[in-house]
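Below is one structure, written out as structure tokens; comments come after it.
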């Protein structure tokens, strides 16, 4: 490998300054400011238990510091942004994808076990006929709160710490105090209607003030002679017991009402007789997704048909767009051709319109009854074509749309490549009496291929997974009659995957989708590798460069 | 795709830590609503804030995004306290542990029963119904002065009006579209899922190829074969022709009426004609509020719903923005004379809530494919539906 980054001599002194010079301190200040901004994020992520992400951001931060501060790492400055983005946008999702393919992540199992335990433990149940206690809140200037509860029989109860005691015990003529402190008294102020308005320094809060504090109050747990009281709704406390208790040591969940023990199994807390508690949680399932993929008759069913069409689609797309693009490029490149600029601009238009807009417009144009395409066809041939209903014509329609979307790119590429072919070669060929066709076949095409072949291979790989066009124009339709699982005649592997993962079963099945996408990755990877190997595309480029 | 989303969200979280308003925060309500409901919620929020000093923030999201984002943002601690959603999300949201049950107490008596049923999972209520909708027969009074009562009458009117050369159509419906075709199925006894003795749906009892369902698809097939119904009609084609006054009758819902009103079409909205004497039962869809399981303010959200949302004025204000009949009876009674309300009540009154169990995800594509294969004249209705049910059961069994 040649040294790619060459530091111009003298640049170091000019741009970076001497250690201790202004430049150095400016750089240090900027770096400190940057660190000060990013470091809290790392800490917060760590606190939120997003360890992987915290680690990744932390390492990135360290790298940035290293690169800015260490002399030797100077060339890395140019590479690092690219590397960081590659890590964030390619490597991380890829690793995550692989991880997901070994889990049961999908509808019904999207929470972590921790979250499920939290949710189940937060569920409460009230013993039948448990009374409700309306309450009032008293708060001092310092924010200390005392609650006054009204029992169903009209008796008033008051909180001392978390304990609930009858108000009569701690205030008034018959007060007896608390068991451990017989002298304990509360100083209660009553207005002319008999309502308690103050307890000690604490003022009775209005309802709006209570509501403002409701989200704090809903976590309160009061103790009334051993009975736990919690907020049942905004206006009442009630004796509520937690429905489930998680036993960390044995990793089981116990139903406090029935005593049934639930053990975590296949992503659900499951009772001995197989009853599952909702919701389920994410868990690793080993190779289960891959096994399902390979043994499921639903998937093995229309797979072959989809597989073949995927190849035809990607191959035809490349051949057609390249042929048309090259043809137009040759015409535009002809010395006697006038108004080149104008035609070139016009021909590039399809490239400038967002692909999904074009795709949807084409879908409308291909409508059998109302579409413009069939109006023209009818005027010319007196018949209509069932564009989106017939498997064959739907494929033709798709290829036409992709031709429209793809030829400008090929044209631009070919125009550029044609410029690089030396005119002397044509002159020599002309002198040797070669016809235009021979000149094209023996000079233009081979020389063009050296620079364009890698693009053709990548275009093939791109179209192999060109979900957008398929989904927007035909949605994979028309359906294949007699398929074991819903599949369409124009489905390619990736759109078929989408159906399997998101439009079947119980909704989204990310685990299976991740497994299929890995499988597709291996297919595309192999094809691309073989392609490059046999066309020797890259090597040729290196030689010609 | 989802992993990117997760990562993006995490990144967003990193970047937006200061903007804590994005997430459910104790003592502050965050509502996710779609563009039609968001303005009304904002108004209510301002009143709630003025009265109780509790800030209410409303974030506007695409209706479908609310569902998908909740599954990502909720567990990450970034979600809202309250969402506006559709009842058919219920199964997914409940099995994913994303929403909280609600006890309406005596207030429940003021709601249309079908809307409460729709938001009930097992025997627990998970939402406060807002509005409901169903499809019916929308007709242009200039072309069809008196709506047909039976399917034969509909066919007679349609054949008289249809002139495809000139671009006039007696009757159009969108296709292949299970939702809009279901009334034909259900009129003669077709159903999607059968019920267990305890009233819940049984995903292994699929009735889409029973006699009634087959009869319904035959009715559809006849429309295509007789040339009354052009193959491949979609919603946009259907409505734009209807707005031009070129269509006598369509099967659609309240959402198609705004455009008709703007186009100056004098329309009627009523029940779909009976087939073989059976009344078509369209799916009833219900929108409503749900409380996030990850809310820090569950009780506060309940207060907001019970004391601010559940009243006649709110429901009427919602109706003014979005012409779906309110689920709240006092508001509904006020709107008795409204043509949309009458139509939905008449047509949807006989309807069934759209199944909300997650297994419904296996049904749509296979069902739609069956309709399409019949539409394309590739299979006979019976064959197509047998195949579809086989596919559906296969998918459901594979996912268990």
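Residue numbers (my numbering), protein chains in the order written: chain A, 28 to 572; chain B, 442 to 841. C-beta: ideal position from N, C-alpha, C; glycine also.
**Asked** Should residue 710 (chain B) and residue 532 (chain B) be called a contact, given that it needs their Cβ atoms to be closer than 8 Å?
**Response** Translated into positions along the second chain, residue 710 (chain B) becomes position 269. Translated into positions along the second chain, residue 532 (chain B) becomes position 91. The answer is no: Cβ separation not under 8 Å.
**Asked** Does the segment 606-621 of chain B touch the segment 669-683 of chain B, meaning 3 or more C-beta pairs lie closer than 8 Å?
**Response** yes
**Asked** So, residue 81 (chain A) versus residue 72 (chain A), is the Cβ gap smaller than 8 Å?
**Response** Here residue 81 (chain A) refers to the residue found at position 54 of the first chain. Here residue 72 (chain A) refers to the residue found at position 45 of the first chain. Yes; because the gap between Cβ atoms is below 8 Å, this pair is in contact.
**Amino acids of chain B, ordered along the chain, whose beta-carbon sits closer than 7 Å to that of residue 243 (chain A)** = Stepping through the first chain from its first residue, residue 243 (chain A) is reached at position 216. Per Cβ cutoff of 7 Å: 467.
**Rounded C-alpha distance that separates residue 528 (chain B) from residue 556 (chain B)** = As a first step, residue 528 (chain B) is located in the second chain; it is residue number 87 there, counting from the start. As a first step, residue 556 (chain B) is located in the second chain; it is residue number 115 there, counting from the start. If you take the alpha carbons of residue 528 (chain B) and residue 556 (chain B), they lie about 9 Å apart.
**Request:** Verify whether the separation of the beta carbon atoms of residue 280 (chain A) and residue 138 (chain A) is less than 8 Å.
**Result:** Within the first chain, numbered from 1, the residue matching residue 280 (chain A) stands at position 253. Within the first chain, numbered from 1, the residue matching residue 138 (chain A) stands at position 111. No, these two residues do not count as a Cβ contact at 8 Å.
**Request:** With 8 Å as the threshold, decide whether the Cβ of residue 805 (chain B) is near any Cβ in chain A.
**Result:** Start at 1 with the first residue of the second chain, and residue 805 (chain B) comes out as number 364. True, the Cβ-Cβ gap to chain A drops below 8 Å.
**Request:** Please work out which residues of its chain come closer than 7 Å, Cβ to Cβ, to residue 358 (chain A), disregarding the five sequence neighbours upstream and downstream, and give them in chain order.
**Result:** Numbered from its first residue, the first chain carries residue 358 (chain A) at position 331. If we look at residue 358 (chain A) and ignore the five residues flanking it on each side, its Cβ neighbours are 364.
**Prompt:** Using CA coordinates, which residue listed in B:696, B:468 and B:505 is at the minimum distance from residue 490 (chain B)?
**Reply:** Taking the first residue of the second chain as 1, we reach residue 490 (chain B) at position 49. Residue B:468 is the option with its Cα nearest to residue 490 (chain B).
**Message:** Within 10 Å of its beta-carbon, does residue 449 (chain A) have 16 or more other beta-carbons around it, so buried, or fewer, so exposed?
**Reply:** Along the first chain, one-based indexing puts residue 449 (chain A) at 422. With fewer than 16 other Cβ atoms within 10 Å, it is exposed.
**Request:** Would you identify the three-state DSSP class for residue 512 (chain A), choosing helix, strand or coil?
**Result:** For the purposes of this step, residue 512 (chain A) is taken as residue 485 along the first chain, with counting starting at 1. Note: residue 512 (chain A) maps to coil in three-state DSSP.
**Request:** Report the residue from A:213, A:225 and A:296 whose alpha carbon sits nearest the alpha carbon of residue 187 (chain A).
**Result:** As a working mapping, residue 187 (chain A) is identified with position 160 in the first chain. Nearest of A:213, A:225 and A:296 to residue 187 (chain A), Cα basis: A:213.
**Item:** Own chain, CB closer than 7 Å to residue 551 (chain B), minus 5 neighbours either side, in chain order
**Value:** As a first step, residue 551 (chain B) is located in the second chain; it is residue number 110 there, counting from the start. 769, 770 and 771.
**Prompt:** Should the segment 818-828 of chain B be regarded as contacting the segment 555-570 of chain B, the criterion being three or more beta carbon pairs within less than 8 Å?
**Reply:** no
**Asked** Among B:526, B:598, B:471 and B:806, which one has its Cα closest to the Cα of residue 836 (chain B)?
**Response** Numbered from its first residue, the second chain carries residue 836 (chain B) at position 395. Here the closest residue by C-alpha is B:806.
**Between the CA atoms of residue 143 (chain A) and residue 309 (chain A) - distance to the nearest angstrom** = If you number the first chain from 1, residue 309 (chain A) lands on position 282. If you number the first chain from 1, residue 143 (chain A) lands on position 116. Taking the straight line joining both Cα atoms gives about 10 Å.
**Request:** Could you name the residues of the segment 128-148 of chain A whose beta carbon sits closer than 7 Å to any beta carbon of chain B, in the order they occur along the chain?
**Result:** 134, 135, 137, 138, 142, 143 and 146
**Request:** Name, please, each residue of chain B whose Cβ falls closer than 7 Å to the Cβ of residue 443 (chain A).
**Result:** For the purposes of this step, residue 443 (chain A) is taken as residue 416 along the first chain, with counting starting at 1. Simply none; closest approach about 32 Å.
**Item:** Three-state secondary structure assigned by DSSP to residue 681 (chain B)
**Value:** One-based indexing of the second chain puts residue 681 (chain B) at position 240. If DSSP states are grouped into helix, strand and coil, residue 681 (chain B) belongs with the helices.
**Request:** Measuring only between beta-carbons, confirm whether residue 623 (chain B) sits less than 8 Å from chain A.
**Result:** To locate residue 623 (chain B), count along the second chain from 1; it is residue 182. No, its Cβ sits nowhere closer than 8 Å to a Cβ of chain A.
**Request:** Residues of the segment 493-518 of chain A with a CB closer than 9 Å to any CB of chain B: list them in chain order, please.
**Result:** 504, 505, 506, 507, 508, 509, 510, 511, 512, 513, 514 and 515
**Request:** Establish whether the CB of residue 836 (chain B) and some CB of chain A are separated by less than 8 Å.
**Result:** Taking the second chain and counting its residues from 1, the one referred to as residue 836 (chain B) is at position 395. Closer than 8 Å: yes.
**Request:** Closer than 7 Å by C-beta to residue 456 (chain A): which residues in its own chain qualify, once you throw out the five before and the five after it? Chain order, please.
**Result:** The residue labelled residue 456 (chain A) in the question sits at position 429 within the first chain. The residues are 466 and 470.
**Item:** Best match in B:626, B:648, B:568 and B:629 for proximity to residue 842 (chain B) [C-alpha to C-alpha]
**Value:** Missing from the structure shown is residue 842 (chain B); chain B here goes from 442 to 841 and no further.
**Request:** Could you check which residue in B:507, B:516, B:546 and B:530 has the C-alpha nearest to that of residue 746 (chain B)?
**Result:** Residue mapping note: residue 746 (chain B) aligns to position 305 of the second chain, counting from 1. Considering only alpha carbons, the answer is B:546.
**Message:** Rounded to the nearest angstrom, what separates residue 274 (chain A) and residue 387 (chain A) at their Cα positions?
**Reply:** Along the first chain, one-based indexing puts residue 274 (chain A) at 247. Along the first chain, one-based indexing puts residue 387 (chain A) at 360. Rounded to whole angstroms, residue 274 (chain A) to residue 387 (chain A) spans 56 Å at the Cα level.
**Message:** Is the separation between the beta-carbon of residue 571 (chain B) and that of residue 728 (chain B) shorter than 8 Å?
**Reply:** In the second chain, the residue the question calls residue 571 (chain B) occupies position 130. In the second chain, the residue the question calls residue 728 (chain B) occupies position 287. Yes; because the gap between Cβ atoms is below 8 Å, this pair is in contact.
**Item:** the segment 704-719 of chain B / the segment 501-517 of chain B touching (three or more Cβ pairs under 8 Å)
**Value:** At 8 Å Cβ cutoff, the stretches do not touch.
**Request:** Provide the residue(s) that pair with residue 727 (chain B) in DSSP beta bridges, ordered along the chain.
**Result:** Position 286 of the second chain, counting from 1, holds the residue named residue 727 (chain B). BP columns for residue 727 (chain B) point to B:573.
**Message:** What would DSSP say about residue 393 (chain A), mapped onto helix, strand or coil?
**Reply:** Position 366 of the first chain, counted from the start, is the residue given in the question as residue 393 (chain A). In the structure shown, residue 393 (chain A) sits in coil (DSSP, three-state: anything other than H, G, I, E or B).
**Prompt:** If the cut is a Cβ gap below 9 Å, which residues of chain B does residue 526 (chain A) touch?
**Reply:** The sequence position of residue 526 (chain A) within the first chain is 499, counting from 1. In chain order: 806.
**Asked** What is the rounded straight-line gap between the Cα of residue 871 (chain B) and the Cα of residue 404 (chain A)?
**Response** A query on residue 871 (chain B) cannot be resolved here, the shown segment of chain B reaching from 442 to 841 and no further.
**Message:** Considering only the alpha carbon of each residue, which of A:238, A:141, A:320 and A:157 lies closest to residue 538 (chain A)?
**Reply:** Here residue 538 (chain A) is taken as the residue at index 511 of the first chain, counted from 1. Minimum Cα distance to residue 538 (chain A) is reached at A:320.
**Message:** Can you confirm whether residue 261 (chain A), when its beta carbon is compared against all beta carbons of chain B, has any partner nearer than 8 Å?
**Reply:** Numbered from 1 along the first chain, position 234 holds the residue referred to as residue 261 (chain A). By this cut-off, residue 261 (chain A) is an interface position.
**Request:** Go through the segment 737-811 of chain B residue by residue and report every complete run of the alpha helix (DSSP H) that reaches 4 residues or more, in order.
**Result:** Counting whole runs of 4 or more residues, the segment 737-811 of chain B contains the alpha helix (DSSP H) stretches 739-745, 753-762, 770-775 and 780-789.
**Asked** Under a three-way DSSP split, which group does residue 562 (chain B) fall into?
**Response** Counting from 1 along the second chain, the entry for residue 562 (chain B) is found at position 121. In the structure shown, residue 562 (chain B) falls within a strand segment according to DSSP collapsed to helix, strand and coil.
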